[in-house]
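Per the UniProt record's numbering, residue 1 is the first one in the sequence shown, and the count goes up by one each step. What follows is a set of notes on a single structure, which appears directly below.
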Amino acid sequence: MKLLTHNMLTSKCIKGVSVGYPLKIEAKDVQVSEIDFNPEFLVRIIPKLDWSAFYKAAESVEVIDGELICPESGRKFPINEGIPNMLLNEDEL
């Protein structure tokens with residue numbers, strides 16, 4: 001999961017959660033990757049970033065395996081092979 005993806009995720013759809021942001025990251029595997037500069041992408045993404053949350057998460061670079069944890073409910077969302085699973089159970093809706 002890229003850190004830009006993390007910056008956009010929330011668990012506020014869980015019953016009883018009002019904000020659910022930022023999700024805490026517990027990384028089990030982290031990877032640093034070289035990427036090409038893409039100015040068009042930056043122009044689109046910069047207005048959407050929460051800079052304080054992004055700065056905190058930037059130390060992790062990219063999470064390969066781990067969990068995202070809702071700051072309000074403690075609900076854990078697994079990250080496997082870089083893909084966060086944000087699906088909820090029926091009783092959580």
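Think of the CB as a built atom: it goes at the ideal place given N, C-alpha and C, for glycine as much as any other residue.
Kindly indicate which residue of the options has the alpha-carbon position closest to the one of residue i.
| i | options | result |
| --- | --- | --- |
| Lys-15 | Arg-75, Ser-52, Glu-62 and Trp-51 | Arg-75 |
| Ser-33 | Asn-80, Cys-13, Lys-2 and Met-86 | Lys-2 |
| Glu-26 | Ile-69, Ser-18 and Leu-4 | Ile-69 |
| Pro-22 | Glu-81, Glu-72, Ile-64 and Phe-37 | Glu-72 |
Decide if residue i is buried, meaning its Cβ has at least 16 other Cβ atoms within 10 Å, or exposed.
| i | result |
| --- | --- |
| Ile-35 | exposed |
| Glu-81 | exposed |
| Ala-58 | exposed |
| Glu-67 | buried |
| Ser-11 | buried |
What is the DSSP secondary structure of residue i, reduced to helix, strand or coil?
| i | result |
| --- | --- |
| Pro-39 | helix |
| Asn-89 | coil |
Looking at the strands, I want to know which residues DSSP matches up with residue i.
| i | result |
| --- | --- |
| Ile-14 | Per DSSP, none; premise fails for Ile-14. |
| Asn-80 | Ile-83 |
Let me know the beta strand (DSSP E) ranges lying completely inside the stretch 41-76, each 3 residues or longer, listed in chain order.
For the stretch 41-76, whole beta strand (DSSP E) runs of length 3 or above, ordered along the chain, are 63-69.
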